[in-house]
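Reading through the structure tokens given below for one structure.
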Amino acid sequence: EKSSKRDKVIAEIERMACEWVQMVSRSKGIEDTSQKAFVCSYGSYSLGVHLDSSDIDLLCIAPVHVTSHDFFTHFLHSLQCNPNISNILSIPTAFIPLLKFTYQDIEVDMVFGQWNEEVIDLTTFDLSDDYIFPNKESIMSVNGLGGAFVQKKKKKNNRKKICEFGIMKGARITQWIKKASPQLGCLPKVPSYYQILGSTLCFFFFFGEKKKKIKKCIYSNVLGYLGGISWTIMVAHICQKYPNASVAVIITHFFHTFASWKFESIEPIPIMINQLKFDEDETGWGWRPDTSKQDWMVILTPLHPMINCAHNVIEPTYNVIMSELRAADVIIGKRSHCIDGTVDVINVALWKSLFRPNQFFKLRHAFFYTHSMLRFLFIPSKNL
1 EKSSKRDKVI AEIERMACEW VQMVSRSKGI EDTSQKAFVC SYGSYSLGVH
51 LDSSDIDLLC IAPVHVTSHD FFTHFLHSLQ CNPNISNILS IPTAFIPLLK
101 FTYQDIEVDM VFGQWNEEVI DLTTFDLSDD YIFPNKESIM SVNGLGGAFV
151 QKKKKKNNRK KICEFGIMKG ARITQWIKKA SPQLGCLPKV PSYYQILGST
201 LCFFFFFGEK KKKIKKCIYS NVLGYLGGIS WTIMVAHICQ KYPNASVAVI
251 ITHFFHTFAS WKFESIEPIP IMINQLKFDE DETGWGWRPD TSKQDWMVIL
301 TPLHPMINCA HNVIEPTYNV IMSELRAADV IIGKRSHCID GTVDVINVAL
351 WKSLFRPNQF FKLRHAFFYT HSMLRFLFIP SKNL
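Structure below.
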């Protein structure tokens, strides 16, 4: 029922986006009625590992004549006029510009990308392809969406180009994961992969599903921890190494592998699920071992340009992440094995102990508690 409601929300937002694109097209003298927007979900909901409290991440792509300015003015106005939408927050100057809003009781994060043609052909549109543009020389890759195109010879406005890569990263990886198959050597036993990913995200997520209990509190890219993309790639990496293992066994290997991963070595080993070559990244924006030695953790996206999803991790957050991984490895090591050495998958005490909420307030006798309240002044619709 919840998923059906979310699908209806996505369909309604896509309808609004298509009407908005046609309105903008007419205002710019383009009468083509085939003008449409492409709206897709990505992240936990798209992969089927979301919680009831999870938001929906949406990517909206519009034709070349529809700009980011149009998105953060006219489309924002469309949202404000919809009685089902509330709590609208426009953040056009963020590193990843987005609109945040609530559709009825479902929270939505929406980012915008600009296509390089007048019409988007939805029958051939595939974000997971590295090069899907007809003219590779002028527009490097699908990561170039988001306002200005990424040119091969022009390197102006570095922040904007990096932002454009970030806009597309989540949606591209989600589509790549969903396309993965045993024939490609990507994700054998895909249903098991989703079960494992769901369990792992639940372990690291801020809140539990039903009782809203605080879990491990280290699921936040914004706060310097690891976001959903990073955990997704880490789970996929273990699934590749143990393609025929059960869910319980792979979870065991997950914590054991990453608790001892050599992140702190002089030459850190990247976590990868697609063995791409660094010298194939013609955009110049991908991660390279010789220029990114300051990264505490390296978790690379499986598509060009290879971006380090863990670039926000700093020393204090790294120490917390590794502490939780090692603690989980110790718990599993003590309780998970039977007398014959096999993994005891029905050890209820093991799983309860593993997913026990964070004991932060019991372990720390002194701490700061802050409560922030922001008030936003929205521009009246008549001034848009």
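Everything in the sequence shown is counted per the UniProt record's numbering, starting at 1 for the first residue and increasing by one. Beta carbons are placed, not taken as given, at the ideal position from N, Cα and C, and that holds for glycine. None of the values given here were measured: they were computed from a predicted structure.
- Unbroken beta strand (DSSP E) runs of no fewer than 3 residues, entirely contained in the segment 39 to 88, are found at 56 to 62, following chain order.
- Rounded to whole angstroms, the separation of the alpha carbons of Ile91 and Phe72 is 8 Å.
- In the structure shown, Gln114 adopts extended strand secondary structure according to DSSP, grouped into three states.
- Separation of Val247 and Leu226 (C-alpha to C-alpha, rounded to the nearest whole angstrom) is 22 Å.
- Take Gly43, set aside five residues on each side of it, and the residues of its chain with a beta-carbon closer than 7 Å to its own are Asp57, Gly170, Thr174 and Gly228, in chain order.
- Relative to Ala17, the option among Gly333, Met110, Lys293 and Phe255 whose CA is nearest is Met110.
- Leu223 is classed as exposed because its beta carbon has fewer than 16 other beta carbons within 10 Å across all chains shown.
- Comparing alpha carbon positions, the residue from Glu324, Cys309, Ile266 and Glu264 closest to Met272 is Cys309.
- Apart from sequence neighbours up to five positions away, the residues of its chain that approach Val21 with a beta-carbon distance below 8 Å are Gln35, Lys36, Ala37, Ala62, Pro63 and Val66, ordered along the chain.
- Between the alpha carbons of Cys60 and Arg26 lies a distance of about 19 Å.
- Taking Pro83 as reference, the option from Leu99, Leu98, His69 and Asp105 with the minimal CA-CA separation is Asp105.
- Here Met168 is near Gly113, since their CB atoms are less than 9 Å apart.
- Measuring C-alpha to C-alpha distances from Glu267 to each of Pro289, Thr257 and His253 identifies Pro289 as the nearest.
- The residue from Glu12, Leu300 and Ile307 with its alpha-carbon nearest to that of Ile85 is Glu12.
- Taking the Cα of Pro316 as reference, the smallest distance to any Cα among Trp296, Pro305 and His304 is reached at Trp296.
- When C-alpha distances from Trp261 are compared across Ile307, Gln275, Ala245 and His237, the shortest belongs to His237.
- In the DSSP annotation of this structure, Phe95 is not part of any alpha helix (DSSP H), being labelled neither H nor E.
- If you draw a straight line from the Cα of Val320 to the Cα of Val249, it comes to about 24 Å.
- In the displayed model, Glu107 falls within a strand according to three-state DSSP.
- Taken through DSSP and simplified to helix, strand or coil, Lys241 comes out as helix.
- DSSP, reduced to helix, strand and coil, places Asn319 within a helical segment of the structure shown.
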